[in-house]
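J.: First residue of the sequence shown? That's 390 in the numbering used here, and the numbers climb one at a time after it.
We put the beta carbon where it would ideally sit given N, CA and C, even for glycine.
No experiment lies behind these values; they were computed from the predicted model shown.
Sharing a structure here in structure tokens format.
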Amino acid sequence: MAQVLTDRRDIDFVLYEQFDVEEYTRHEKFQDYNKKTFDLIIKEARNLAVKEILPTFAEGDREGVKFESGRVSVPACYHRPYQLLREGEWTAMIADPDLGGQGLPRCIAQAASEYMVGANYALTLYGYLGHAAGELIEYFGTDVQKKLFLKKMYTGQWSGTMQLTEPQAGSDVGALTTAAVKNPDGTYCLTGNKIFITAGDHDLTENIIHPVLARIEGAPPGTKGISLFLVPKIWVNDDGSLGEPNDIVCTGIEEKMGIHGSATCQLTLGGKGHCRGLLLGEENRGLQVMFHMMNAARLDVGFIGFVCGSAAYMYAVNYAKERLQGKDLEKLADPAAPQVPIIRHPDVRRMLMGMKTRTEGMRSLLYYVAGLFDRQTCSADKQEKAYLQGLIDLLTPLVKSYCTDRGFEICVEAMQVYGGYGYTRDYPIEQLLRDCKIASIYEGTNGIQAMDLLGRKLGMQQGAVFMNFLQEIQNTVAGAKKIPLLAELAGSVDDAANQLGEAALHLGKTAMSPGVRVAFAFAKPFLDAMGDVCMAWMHLWRAVEAVPQLEKRAGSLDAAARQVIDDRPGGLDFVWGIVLCHGEIISHAAQ
Ligand SMILES: Cc1cc2nc3c(=O)[nH]c(=O)nc-3n(C[C@H](O)[C@H](O)[C@H](O)COP(=O)(O)OP(=O)(O)OC[C@H]3O[C@@H](n4cnc5c(N)ncnc54)[C@H](O)[C@@H]3O)c2cc1C
Numbered sequence: 390m391a392q393v394l395t396d397r398r399d400i401d402f403v404l405y406e407q408f409d410v411e412e413y414t415r416h417e418k419f420q421d422y423n424k425k426t427f428d429l430i431i432k433e434a435r436n437l438a439v440k441e442i443l444p445t446f447a448e449g450d451r452e453g454v455k456f457e458s459g460r461v462s463v464p465a466c467y468h469r470p471y472q473l474l475r476e477g478e479w480t481a482m483i484a485d486p487d488l489g490g491q492g493l494p495r496c497i498a499q500a501a502s503e504y505m506v507g508a509n510y511a512l513t514l515y516g517y518l519g520h521a522a523g524e525l526i527e528y529f530g531t532d533v534q535k536k537l538f539l540k541k542m543y544t545g546q547w548s549g550t551m552q553l554t555e556p557q558a559g560s561d562v563g564a565l566t567t568a569a570v571k572n573p574d575g576t577y578c579l580t581g582n583k584i585f586i587t588a589g590d591h592d593l594t595e596n597i598i599h600p601v602l603a604r605i606e607g608a609p610p611g612t613k614g615i616s617l618f619l620v621p622k623i624w625v626n627d628d629g630s631l632g633e634p635n636d637i638v639c640t641g642i643e644e645k646m647g648i649h650g651s652a653t654c655q656l657t658l659g660g661k662g663h664c665r666g667l668l669l670g671e672e673n674r675g676l677q678v679m680f681h682m683m684n685a686a687r688l689d690v691g692f693i694g695f696v697c698g699s700a701a702y703m704y705a706v707n708y709a710k711e712r713l714q715g716k717d718l719e720k721l722a723d724p725a726a727p728q729v730p731i732i733r734h735p736d737v738r739r740m741l742m743g744m745k746t747r748t749e750g751m752r753s754l755l756y757y758v759a760g761l762f763d764r765q766t767c768s769a770d771k772q773e774k775a776y777l778q779g780l781i782d783l784l785t786p787l788v789k790s791y792c793t794d795r796g797f798e799i800c801v802e803a804m805q806v807y808g809g810y811g812y813t814r815d816y817p818i819e820q821l822l823r824d825c826k827i828a829s830i831y832e833g834t835n836g837i838q839a840m841d842l843l844g845r846k847l848g849m850q851q852g853a854v855f856m857n858f859l860q861e862i863q864n865t866v867a868g869a870k871k872i873p874l875l876a877e878l879a880g881s882v883d884d885a886a887n888q889l890g891e892a893a894l895h896l897g898k899t900a901m902s903p904g905v906r907v908a909f910a911f912a913k914p915f916l917d918a919m920g921d922v923c924m925a926w927m928h929l930w931r932a933v934e935a936v937p938q939l940e941k942r943a944g945s946l947d948a949a950a951r952q953v954i955d956d957r958p959g960g961l962d963f964v965w966g967i968v969l970c971h972g973e974i975i976s977h978a979a980q
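This is the structure in structure tokens:
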């Protein structure tokens, strides 16, 4: 049976062959797990995704979110799978079991999410936001706040949001005007208007806990005077019971291009002067706290971009194997030659190869980054933890921007593979393409990510973090050079990494000079080139793991290499991957 949504073989390859995820089970935090339980969890996630979530994909899109008599309702078909997500403890897989999570390594949670998010991410966003907002409370909340909110948010009983955006404050978060005044009882009274708030109101959960950015009266202007507040939709009493509705009201929802099942809300806080909130963290340090959620969300949005692309590729490759059109190129003159599946046509194969290459390269990169978190969890060494954190910080804007752009491009290419049918609503590609687009815009536009990479991340620790990143590539290159088939490709990746280092140095210097505007005009192309180098690095790494195995299986390297031109879309695709990625690096360099 054809695989749907994602490629389980490739997930397993990345988890267990490229990265040794089983290794984490030696750590006490993950000691209750083993490969068998990991596999079972991924299988269960697939079952839930295919049987319960996927059927809501098109239905939720057609029905959309409704705003009637001041109430927001999600598509009716969302209620059952949301409850199943809760019952199966899928809403906070990496959270501590005592808090309602599964205590899973991030890599395994990501593998399970490939299926569930790929099936309908407009739906899974509701559960995701409860966990993501809950993490803010876990890391920065008081004991009382943790007791009141945490478990209910992690288990999906209550959901969450993130409230930054206002009409005049989009990318420019510091321009926000939502105000907070301290009440005698220590709570704060908030007034303001927020827009574009995902899951800002809905009927899936009995309560919603909103982390809201606002400025306390008299606080400094700009980002330095911003504080963060927890604003429950329904006030939560000291004993945890639900009190009166809070004065935070949805005034409308957006009519959007995609993710029609996700409620994007306009909210008025304190319209009647009674919106109460609790300070989270310290006064005027709200943005630093919120950055925890924003960074997590940036990685997760990058993951969404990848997942859309991955699902689009799977749909396209399955379709291409079944759609009959035209004759085999070598039999054009034969009037009796039968129609062949379009996957036989070189141009269709070119498209599929490009999609596969990007999908698999991104999968490796995303599991590499998830593994950095897992390695942090398993490490007791402060220095190692800091080293890993540096790599996470450096790669966060890259993952967000690169994976959302490439994911969208894969959706576009998938539509091309489908031909006219892809443009219709009878097939899932047009919706995937619509749903995917927003990922390059929210959570900090991709242009803002590129500025972050150039303006903040490249210079972290006087460039030491970026040098560590280049060294990580060199470690793979050194291993690849020992394998004759890969020596030349390893040299190409080596050259590309060196050129990237030179470009980074040049851009960094230019950014500190009167040419600063020129430097930032190249921030996004630089990010894309760095992403391409990451793809080449990841494909080389995959090849280092795959070549010895293929050689063993096929008997000789020649026999293995011949599989490249085999009819199957599988085989030694990594070679194509390297070539394609390297070709892109060259074209970037030439621009
Ligand atoms: C469906 C949807 C869901 C959303 N969900 C949420 C949510 O849950 N919570 C939330 O708080 N917000 C949310 N948003 C808001 C989203 O994060 C913003 O739309 C985004 O940050 C961009 O802000 P903006 O739309 O005001 O665009 P603008 O800030 O006006 O940007 C327009 C263009 O100018 C560029 N630009 C802006 N400033 C600069 C600069 N300084 N340098 C270089 N280029 C710049 C941008 O990159 C972009 O290309 C959502 C938006 C949508 C559409």
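Comparing the CB of Ser560 with every heavy atom of ligand 1, is any distance shorter than 7 angstroms?
T.: As a first step, residue 560 is located in the sequence shown; it is residue number 171 there, counting from the start. Result yes, Cβ under 7 angstroms from ligand 1.
J.: When you compare the segment 870 to 886 with the segment 750 to 763, are there three or more beta-carbon pairs, one atom per stretch, that lie closer than 8 angstroms?
T.: Taking 8 angstroms as the limit for Cβ pairs, the verdict is that the segment 750 to 763 does not touch the segment 870 to 886.
J.: Going along the chain, which residues of its own chain have a beta-carbon closer than 7 angstroms to the beta-carbon of Glu406, five neighbours each way excluded?
T.: Taking the sequence shown and counting its residues from 1, one reaches residue 406 at position 17. These residues qualify, in order along the chain: Glu934.
J.: Taking its Cβ as the centre, do 16 or more other Cβ atoms sit within 10 Å of Met856, making it buried, or is it exposed?
T.: Taking the first residue of the sequence shown as 1, we reach residue 856 at position 467. With fewer than 16 Cβ atoms within 10 Å of its Cβ, Met856 is classed as exposed.
J.: Report the rounded CA-to-CA distance for Gln472 versus Leu847, giving the unit in angstroms.
T.: Along the sequence shown, read from residue 1 onward, the residue named residue 472 stands at position 83. Along the sequence shown, read from residue 1 onward, the residue named residue 847 stands at position 458. Cα to Cα, the separation comes out at about 43 angstroms.
J.: Closer than 7 angstroms to a non-hydrogen atom of ligand 1 - does that hold for the CB of Gly836?
T.: Within the sequence shown, residue 836 is the residue found at index 447, counting from 1. Yes, the beta carbon of Gly836 sits closer than 7 angstroms to at least one heavy atom of ligand 1.
J.: Ignore the nearest five residues each way along the sequence and tell me which others in Gln491's own chain have a CB closer than 7 angstroms to its CB.
T.: As a working note, residue 491 is residue 102 in the sequence shown. Glu478, Met482, listed in sequence order.
J.: Are the segment 391 to 403 and the segment 500 to 509 touching by the rule of at least three beta carbon pairs closer than 8 angstroms?
T.: Touching, yes.
J.: Among Asp532, Gly549, Leu537, Pro494, whose alpha-carbon lies nearest the alpha-carbon of Met521?
T.: The residue labelled residue 521 in the question sits at position 132 within the sequence shown. Here residue 521 turns out to be Ala, not Met, going by the sequence shown. Per the Cα distances, Gly549.
J.: At what residues does the beta strand (DSSP E) containing Ala568 begin and finish?
T.: The residue labelled residue 568 in the question sits at position 179 within the sequence shown. It spans 568 to 571 - the beta strand (DSSP E) in which Ala568 sits, taken as one unbroken run.
J.: For a test of your reading of the model: does the CB of Gly459 fall under 7 angstroms from any non-hydrogen atom of ligand 3? Yes or no.
T.: This structure lacks ligand 3; the ligands present are ligand 1.
J.: Find out if the Cβ-Cβ distance for the pair Asp592, Val461 is shorter than 8 angstroms.
T.: For the purposes of this step, residue 592 is taken as residue 203 along the sequence shown, with counting starting at 1. For the purposes of this step, residue 461 is taken as residue 72 along the sequence shown, with counting starting at 1. Against a cut-off of 8 angstroms, the Cβ pair of Val461 and Asp592 comes out as a contact.
J.: Between Lys645 and ligand 1, is there a pair consisting of the residue's CB and a ligand heavy atom that are separated by less than 7 angstroms?
T.: Position 256 of the sequence shown, counted from the first residue, corresponds to residue 645. Because some heavy atom of ligand 1 lies under 7 angstroms away, the Cβ of Lys645 counts as near it: yes.
J.: Ile584 by DSSP, collapsed to three states: which one?
T.: Translated into positions along the sequence shown, residue 584 becomes position 195. Residue state, collapsed to three classes: strand.
J.: Does the segment 583 to 591 come close enough to the segment 650 to 660 to have 3 or more Cβ pairs within less than 8 angstroms?
T.: The segment 583 to 591 vs the segment 650 to 660: in contact.
J.: Would you list the one or two residues that DSSP bridges to Ile597?
T.: What you label residue 597 is simply residue 208 of the sequence shown in a count that begins at 1. For Ile597, which the question treats as bridged, DSSP gives the partners Ser548.
J.: Apply the 10 Å Cβ neighbour rule to Ala775 and answer buried if 16 or more other Cβ atoms are within range, or exposed otherwise.
T.: Here residue 775 refers to the residue found at position 386 of the sequence shown. Per the 10 Å Cβ criterion, exposed.
J.: Among Thr899, Leu894, Gln863, whose alpha-carbon lies nearest the alpha-carbon of Ala886?
T.: Indexing the sequence shown from 1 puts residue 886 at position 497. Among Thr899, Leu894, Gln863, the Cα nearest to that of Ala886 belongs to Gln863.
J.: Is the CB-CB distance between Ala912 and Leu842 below 8 angstroms?
T.: Translated into the one-based positions of the sequence shown, residue 912 becomes position 523. Translated into the one-based positions of the sequence shown, residue 842 becomes position 453. Yes, they are a contact pair.
J.: Any idea if Pro621 is buried or exposed, counting beta-carbon neighbours within 10 angstroms, 16 or more meaning buried?
T.: Looking up residue 621 in the sequence shown gives position 232. By the neighbour-count rule (16 or more Cβ atoms within 10 Å), Pro621 is buried.
J.: Do the segment 592 to 609 and the segment 675 to 690 touch if we need at least three Cβ pairs shorter than 8 angstroms?
T.: Yes: at least three Cβ pairs fall under 8 angstroms.
J.: Does any heavy atom of ligand 1 sit closer than 7 angstroms to the C-beta of Tyr791?
T.: What you label residue 791 is simply residue 402 of the sequence shown in a count that begins at 1. No.
J.: Given a cut-off of 8 angstroms on the beta-carbon distance, is the pair Cys792 and Phe680 in contact?
T.: Position 403 of the sequence shown, counted from the start, is the residue given in the question as residue 792. Position 291 of the sequence shown, counted from the start, is the residue given in the question as residue 680. Not in contact: Cys792 and Phe680 (Cβ atoms no closer than 8 angstroms).
J.: Could you please give the first and the last residue of the uninterrupted beta strand (DSSP E) stretch that includes Glu384?
T.: The shown model of the chain, from 390 to 980, leaves out residue 384, and the question about it has no answer.
J.: Which residues mark the beginning and the end of the beta strand (DSSP E) in which Arg665 is found?
T.: Here residue 665 refers to the residue found at position 276 when the sequence shown is read from its first residue. It spans 665 to 668 - the beta strand (DSSP E) in which Arg665 sits, taken as one unbroken run.
J.: Nearest CA to the CA of Glu527: which residue from Leu514, Lys541, Gly516, Tyr515?
T.: Position 138 of the sequence shown, counted from the first residue, corresponds to residue 527. The option with the nearest alpha carbon to Glu527 is Lys541.
J.: According to the Cβ coordinates, are Ala701 and Leu821 closer than 8 angstroms?
T.: The count along the sequence shown starts at 1 and reaches residue 701 at position 312. The count along the sequence shown starts at 1 and reaches residue 821 at position 432. Taking 8 angstroms as the Cβ cut-off, Ala701 and Leu821 qualify as a contacting pair.
J.: Taking just the CA atoms, how far does Thr531 sit from Leu669?
T.: Here residue 669 refers to the residue found at position 280 when the sequence shown is read from its first residue. Here residue 531 refers to the residue found at position 142 when the sequence shown is read from its first residue. One C-alpha to the other measures close to 8 angstroms.
J.: Do Tyr577 and Phe538 have their beta-carbon atoms positioned less than 8 angstroms apart in this structure?
T.: Start at 1 with the first residue of the sequence shown, and residue 538 comes out as number 149. Start at 1 with the first residue of the sequence shown, and residue 577 comes out as number 188. Not in contact: Phe538 and Tyr577 (Cβ atoms no closer than 8 angstroms).
J.: My output table needs one value for Ala484: the three-state DSSP class, helix, strand or coil.
T.: In the sequence shown, counting from the first residue as 1, residue 484 sits at position 95. Three-state result, Ala484: coil.
J.: Report the partner residues of Lys455 according to the DSSP bridge assignment.
T.: In the sequence shown, counting from the first residue as 1, residue 455 sits at position 66. BP columns for Lys455 point to Ser462.
J.: Taking only three categories from DSSP, how would you classify Thr531?
T.: Residue numbering aside, residue 531 sits at position 142 when the sequence shown is read from its first letter. Three-state result, Thr531: coil.
J.: In terms of alpha-carbon separation, which member of Arg823, Val570, Met740 lies closest to Glu644?
T.: Working through the sequence shown from its first residue, we reach residue 644 at position 255. For Glu644, the nearest C-alpha among the options comes from Arg823.
J.: Classify Ala979 as helix, strand or coil using the three-state DSSP reduction.
T.: Here residue 979 corresponds to residue number 590 of the sequence shown, with the count starting at 1. In this prediction, Ala979 has a pLDDT of 37, which is less than 50 and means its spatial position is unreliable; what the coordinates show is noted afterwards. In this structure, Ala979 counts as helix in the three-state DSSP scheme.
J.: Would you say Leu404 and Tyr708 are within 8 angstroms of each other, going by their C-beta atoms?
T.: Taking the first residue of the sequence shown as 1, we reach residue 404 at position 15. Taking the first residue of the sequence shown as 1, we reach residue 708 at position 319. No, Cβ-Cβ distance for Leu404 and Tyr708 is not below 8 angstroms.
J.: Compute the minimum distance between the beta carbon of Leu553 and the heavy atoms of ligand 1, and state whether it is under 7 angstroms.
T.: The sequence position of residue 553 within the sequence shown is 164, counting from 1. Correct: Leu553 has its Cβ closer than 7 angstroms to ligand 1.
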